[in-house]
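The structure appears right after this line, and notes come after that.
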Amino acid sequence: MTEILVERTSILPAPIAAAWAWHTREGAFERLTPPWERVEVIARDPRGLVDGAEVSLRVRVGPLSLTWVARHSVPHPGRGFDDTQVRGPFASFHHARRLESASAGETILSESIRAVPPLGPLGALGAPGIRSVLERMLRWRHDILHEDLGLLMATPAAPMRIAITGATGLVGRALAPFLTTQGHTVVPVSRRALPGGIRWDPSSGDLDAAAWEGLDAVIHLAGESIAGERWSAERKRALRDSRTGPTALLARTLATLERPPRVLLSASAVGIYGDRGDALLDEDASPAGDFLGELARDWEAAAEPARAAGIRVVHPRFGLILTPAGGVLDRMLTPFRLGVGGRLGSGTQWMSWVAIDDVLGALHHALVTDGITGPMNVVAPDAVRNTEFTATLGAVLSRPTILPVPAIALRAVFGEMADALLLASQRAEPSVLTATGYSFRYPELDVALRHLLGR
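Counting with the numbering used here, you get residues 67 to 521 for the letters of the sequence shown.
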């Protein structure tokens, strides 16, 4: 029998009570799941972190889908708990976490994983690879815990009830567990009924105002994917209709409430600036006259009824959001891993990127910073040219990047969308974030990609 033992110890910037409370909150498991892992919670015990509670997961490994059931045990309440595999891919799996008070309000976190691969001697051949995966996971988890607990202690905001539209989208899926582990309550808003959520169908033009009473904040992320498919005239209408109409409906509804939210974060994008070459673009830069520029301009304007009613309205203008859990980086990984990645067009166009961790941090910063209103560029401090982005991703993956994709080929495949999303140059600056004291977790592309990909 080959047993794998992986251990890691870190000092967390929070007292032991805060570190323990973080682990007991809804969303802790999702927050500690690396974005490159394909893991989905399919059932969990509503009692939470107690002896005997079980969580059932669906784990995807390539084309395979496996069920993994783990059982909690809490031998040291307030100081540690264990997870043991009941059913799953390993012959045995035991994950122990221990918390110990350190000086100056800090906590020592020690984790150990003991795992026995399946299939006896045959499975033992894969032990080095399994060990590497587990080490990557623990390193990532400890980084996240350190940063999240640091934020929790630095900004002890009163717990808020926060509604999120688009809660099942790329940002929403990551945002909800981030906010709940910070001590807030998330109210998901969706076309289908979700536990504890608000159901709405924006296309019907009807919204139950009573369901929105008493919220502290609303984060509006809903909208059809800009890059989901080629832009036909019909697709453009769908992109517009999924943004301007629902935003106006939401803003009008919030404006009528007796107890409206204090703040509305209504999404936008740096595509509002269009193709601007080498120009530095802060939030005062004018919108472009192309499709994306006009769409984003009208999208932001649709929130005016909420602003007129005295609700603080912020428009996070997202850049290229980087996460292997979806979006552009996820789509790039396969060709780059195969060694066929390369620059797009001339490669001189600026890419305003941002790690998903800083998307979450920026949205939290906007929630708790009363001085932020209007547009807010959510991008890393240093945009890079496409050639630098390509070279950096290749270096992180240890793959060559020598096969450029000509602009004519991109236009043939994607049409107008190629010029707007792949070839346009936008060198946006996060002026509002930096001026209001936001500290980026991952301001440099190389460090961000290594974190996101566990390298």
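Positions of the beta carbon are idealized from the N, C-alpha and C atoms, including for glycine.
Report the rounded CA-to-CA distance for residue 120 versus residue 111, giving the unit in angstroms.
6 Å
C-beta atoms of residue 526 and residue 368 nearer than 8 Å
For the chain, the structure presents residues 67 to 521; residue 526 sits outside this window and is missing.
Taking the Cβ atom as the reference point for each residue, do residue 372 and residue 321 lie within a distance shorter than 8 Å?
yes
Counting only the same chain and skipping the five closest in sequence on each side, list residues whose C-beta sits under 6 Å from that of residue 441.
349, 381 and 383
Following the continuous beta strand (DSSP E) through residue 384, name the residue where it begins and the one where it ends.
378 to 384
Need the endpoints of the alpha helix (DSSP H) that residue 300 sits in, please.
299 to 307
Closest Cβ-Cβ distance between residue 400 and chain C: below 8 Å?
The chain labelled as chain C is not found in the depicted structure, where only one protein chain is given.
Is the beta carbon of residue 88 sitting closer than 8 Å to the one on residue 520?
no
Among 412, 436, 182 and 306, whose alpha-carbon lies nearest the alpha-carbon of residue 451?
412
Would residue 190 and residue 68 qualify as a contact pair, given that the criterion is a beta-carbon distance under 8 Å?
yes
Tell me the rounded alpha-carbon separation between residue 83 and residue 167.
9 Å
When you compare only the Cα positions, how much space is there between residue 173 and residue 113?
25 Å
Among residues of its own chain, excluding the 5 on either side of residue 78, which ones have a beta-carbon nearer than 7 Å to its beta-carbon?
85, 172, 173, 175, 211, 212 and 215
Per DSSP, residue 147 is paired with what?
163
Once the 5 residues before and after residue 362 are set aside, which same chain residues still bring their CB inside 8 Å of it?
334, 335, 337, 338, 353 and 383
Distance, residue 303 Cα to residue 480 Cα
17 Å
For the candidate residues 288, 264 and 270, whose alpha-carbon lies nearest to that of residue 277?
264
Look at residue 218 and residue 80 and say whether their C-beta atoms are less than 8 Å apart.
yes
Looking at the structure shown, is residue 417 part of a helix, part of a strand, or coil, going by DSSP?
strand
What alpha helix (DSSP H) runs, 4 residues minimum, are completely inside the segment 77 to 126?
82 to 90 and 94 to 97
Can you give me the C-alpha to C-alpha distance between residue 425 and residue 137, rounded to a whole angstrom?
33 Å
Quick check on residue 177: buried or exposed, where buried means 16 or more other Cβ atoms within 10 Å of its Cβ?
buried
What does the Cβ neighbour count give for residue 436, buried or exposed, with the cut at 16 atoms within 10 Å?
exposed
What do you get for residue 70, buried or exposed, if any count of 16 or more other CB atoms within 10 angstroms of its CB means buried?
buried
Host alpha helix (DSSP H) of residue 311 (start-end):
310 to 321
Beta-bridge pairing of residue 285 - partner residues as DSSP gives them:
230 and 331
Please classify residue 474: is it buried, with 16 or more other beta-carbons within 10 angstroms of its beta-carbon, or exposed?
exposed
Mark residue 129 as exposed unless 16 or more other C-beta atoms lie within 10 angstroms of its C-beta, in which case mark it buried.
exposed
From which residue to which residue does the alpha helix (DSSP H) around residue 403 run?
393 to 403
Classify residue 97 as buried or exposed, calling it buried when 16 or more other Cβ atoms lie within 10 Å of its own Cβ.
buried
How far does the beta strand (DSSP E) with residue 255 in it extend, from its first residue to its last?
251 to 256
Kindly indicate the opening and closing residues of the alpha helix (DSSP H) around residue 498.
497 to 501
Run of the beta strand (DSSP E) containing residue 276, from where it starts to where it stops:
Counting along the chain, residue 276 falls outside any beta strand (DSSP E), and DSSP gives it neither H nor E.
What's the call for residue 309, buried or exposed, on a 16-neighbour Cβ count within 10 Å?
buried
Would residue 140 and residue 115 qualify as a contact pair, given that the criterion is a beta-carbon distance under 8 Å?
yes
Would the segment 340 to 349 count as touching the segment 285 to 304 if we require 3 or more Cβ pairs under 8 Å?
no
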